[in-house]
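Numbering (the UniProt record's numbering) for the sequence shown: 1 to 199. All C-beta atoms in this analysis are idealised placements derived from N, C-alpha and C, irrespective of residue type, glycine included.
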Amino acid sequence: MTTAARPTWAPAKGGDEQGGTRIFGPSQKYSSRDMAAHTSLKPRKPGQDTQDELQKKNLREELEESERKHYSSKDKSYSYDRDRRRGNQLLLEDDDDEEDDMEALLAELEQIKKEKAEEKLRKERLEREEELKVKEAELLRGNPLLNGAAPASFSVKRRWDDDVVFKNQARGETKTPKRFINDTVRSDFHRKFLQKYMK
């Protein structure tokens, strides 16, 4: 975009003042773009978690209440107080319990791995059995002697036009082979044309 049409505070003049030697005094005018804008931040209003409101709130109780609601909606037999007591006990004596928990977790992990391996072997065995059944069925279908099919089924299928009345009408007529002659007067087309139209 060009700047030629924009007004300037100090228009260019020729002569002695050319080349940046002109000295300007302080201008009494200023642009609206040079003015300070957005000098204050937007303050929070009541109900938008101001500092005073946050100090008055008990965030721990709110968190526990929301957890209680969540878990009770998932599981009707869940008791938040029982779980909280268990958590406090874990905090008091964790050294022995951590080792026991770790051993129990490792044993459970090994059990899960073993079950997955057994399940995988069982699936593979079932897939192999299915493949064998499919192959056997295909082989039995492919053997006409085992199917009890009559020998007539081996005959070639009839075409749709075998019993059509007008089939093979031109059996006795021989087709003349087409031949190429480079002379237009002696070509087959020219001779047919003469016989047809010039007799």
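Glutamate 64 - containing alpha helix (DSSP H), residue span: 59-74
I need the DSSP call for tyrosine 197, collapsed to helix, strand or coil. helix
Hey, how far is the Cα of serine 31 from the Cα of proline 7? Rounded to whole angstroms, serine 31 to proline 7 spans 12 Å at the Cα level.
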